[in-house]
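In what follows, a structure is listed as structure tokens, so that the remarks can point back to it.
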Ligand SMILES: [Zn+2]
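In our numbering, the protein residues as written are 1076 to 1464.
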């Protein structure tokens, strides 16, 4: 079998839905739907060694992805990114086992490629032809690319101060681009109204089941690249939080399959000082976040004032003994230069927030310097050259 996807399940009320029809959120409670796979059957039929011999892309894990057949995949070669040992940065921090998962090598230059490859593939499989999305920038660029690749229509609502690179990739890939005077929350209001008016399918993250499935493969790859072993901690720049939720879900699936040794890694969420709804909720012991007023940061991917799946991000952090903290814009930009000079990794400000966070947590005694720690770099610096001038 190619995919072992079985059904969708509501993350809150447990309601079950078929995966072969268009659906966004739970129709009973409007919460996040998660894809569920026939893991007992997969465990009986497939050995993890089969994954290792495959061509390196996220679709090496096709059994744990939603596309039903190889013909349903819309791909530009996403995933299969390197897990780089960061020896010089590790020495400077006093860490013995520090790695960078470098998502800047993806098509469209960011980790958004994984989520949108999965979501656009499944959208086309279930017969959708008109997609729409509000985006801080990079997700829209990825949707535009995969929609073009799949020969389907895409519409984007983006803050007008998003990076030019993101605007240009949308229009160049043939998407309709609408610029919004405001942040991604404001873009979402307009986008949802348009979707309802014209019957378009809204691919807002965590408001459909499959972007998280693509993001999940970052975790599956990390486990494989460490020799089917869990890391101790993953430091993750958190906007919508889809990557944390996806990796957390993926690690649970690997444990259930018996494919990985070790315990779940600690998930450490990093946000910008100017937009920190998840950190605020974590510190307050709350189960959900409050919308962050007047969100601002140079790291566009972190400018998400009220993540739809905040309750799942907070669950993932707490279940794994993780934590949440903020960094400043100036610290992120300094860290771009530090990471590039020390390791040759030309990383976006969001990704470099993880380096700042590691240093802060070590100073506070909240990170084991001997543990295997992953800095998750979500994208390339090429879309943020103006920060480096
Ligand atoms: Zn529900």
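Note that the Cβ used here is the ideal one computed from N, Cα and C, for glycine as well.
Fair warning: this is a prediction, and the values are worked out from it, not measured in the lab.
Residue range of the unbroken beta strand (DSSP E) whose run includes residue i
{"i": "residue 1300", "result": "First-last for residue 1300: 1286–1300, but that is the alpha helix (DSSP H), not the beta strand (DSSP E)."}
{"i": "residue 1094", "result": "Here residue 1094 belongs to no beta strand (DSSP E), and DSSP marks it neither H nor E."}
{"i": "residue 1347", "result": "1341–1347"}
{"i": "residue 1160", "result": "1158–1160"}
{"i": "residue 1350", "result": "No beta strand (DSSP E) holds residue 1350; DSSP gives it neither H nor E."}
{"i": "residue 1322", "result": "That residue, residue 1322, is in no beta strand (DSSP E); its alpha helix (DSSP H) goes 1317–1332."}
{"i": "residue 1102", "result": "Residue 1102 -> no beta strand (DSSP E), and no H or E assigned at all."}
{"i": "residue 1229", "result": "1228–1234"}
{"i": "residue 1108", "result": "1108–1112"}
{"i": "residue 1181", "result": "Per DSSP, residue 1181 belongs to no beta strand (DSSP E) and is neither H nor E."}
Cβ-based neighbour list, residue i, same chain, cut-off 8 angstroms, excluding 5 preceding and 5 following
{"i": "residue 1332", "result": "1114, 1117, 1118, 1123"}
{"i": "residue 1395", "result": "1323, 1339, 1340, 1341, 1342"}
Proximity below 7 angstroms, CB of residue i to CB of residue j
{"i": "residue 1424", "j": "residue 1373", "result": "yes"}
{"i": "residue 1194", "j": "residue 1286", "result": "yes"}
{"i": "residue 1426", "j": "residue 1453", "result": "yes"}
{"i": "residue 1436", "j": "residue 1442", "result": "yes"}
{"i": "residue 1345", "j": "residue 1280", "result": "no"}
{"i": "residue 1175", "j": "residue 1306", "result": "no"}
{"i": "residue 1260", "j": "residue 1241", "result": "no"}
{"i": "residue 1110", "j": "residue 1149", "result": "no"}
{"i": "residue 1349", "j": "residue 1371", "result": "yes"}
{"i": "residue 1192", "j": "residue 1153", "result": "yes"}
{"i": "residue 1211", "j": "residue 1376", "result": "yes"}
Boundaries (first-last residue) of the alpha helix (DSSP H) holding residue i
{"i": "residue 1418", "result": "1404–1418"}
{"i": "residue 1214", "result": "1213–1225"}
{"i": "residue 1187", "result": "1187–1200"}
{"i": "residue 1431", "result": "1424–1438"}
{"i": "residue 1458", "result": "Note, residue 1458: premise wrong, no alpha helix (DSSP H); not H, not E."}
{"i": "residue 1388", "result": "1385–1394"}
Outcome for residue i when other beta-carbon atoms lying within 10 angstroms are tallied against a minimum of 16
{"i": "residue 1204", "result": "exposed"}
{"i": "residue 1365", "result": "exposed"}
{"i": "residue 1209", "result": "buried"}
{"i": "residue 1320", "result": "buried"}
Sequence-distant residues of its chain with Cβ nearer than 6 angstroms to residue i (five each side left out)
{"i": "residue 1471", "result": "Nothing about residue 1471 can be reported from this structure: the residues present for the chain run from 1076 to 1464 only."}
{"i": "residue 1091", "result": "1082, 1084"}
Cutoff 7 angstroms; reference residue i; Cβ partners in own chain excluding five residues on either side
{"i": "residue 1282", "result": "1099, 1100, 1383"}
{"i": "residue 1168", "result": "1433, 1434, 1437"}
Discussion item. Does the structure place the stretch 1229–1247 close enough to the stretch 1292–1303 that three or more beta carbon pairs sit under 8 angstroms?
Written reply: With contact defined as three or more Cβ pairs closer than 8 angstroms, the stretch 1292–1303 and the stretch 1229–1247 are not in contact.
Worksheet item: Should the stretch 1188–1208 be called in touch with the stretch 1131–1147, which here means at least 3 C-beta pairs below 8 angstroms?
Response: Contact between the stretch 1188–1208 and the stretch 1131–1147 is present: 3 or more CB-CB pairs across the two stretches fall below 8 angstroms.
Worksheet item: Do the stretch 1411–1419 and the stretch 1154–1174 meet, that is, are 3 or more Cβ pairs less than 8 angstroms apart?
Response: They touch, by the three-pair rule.
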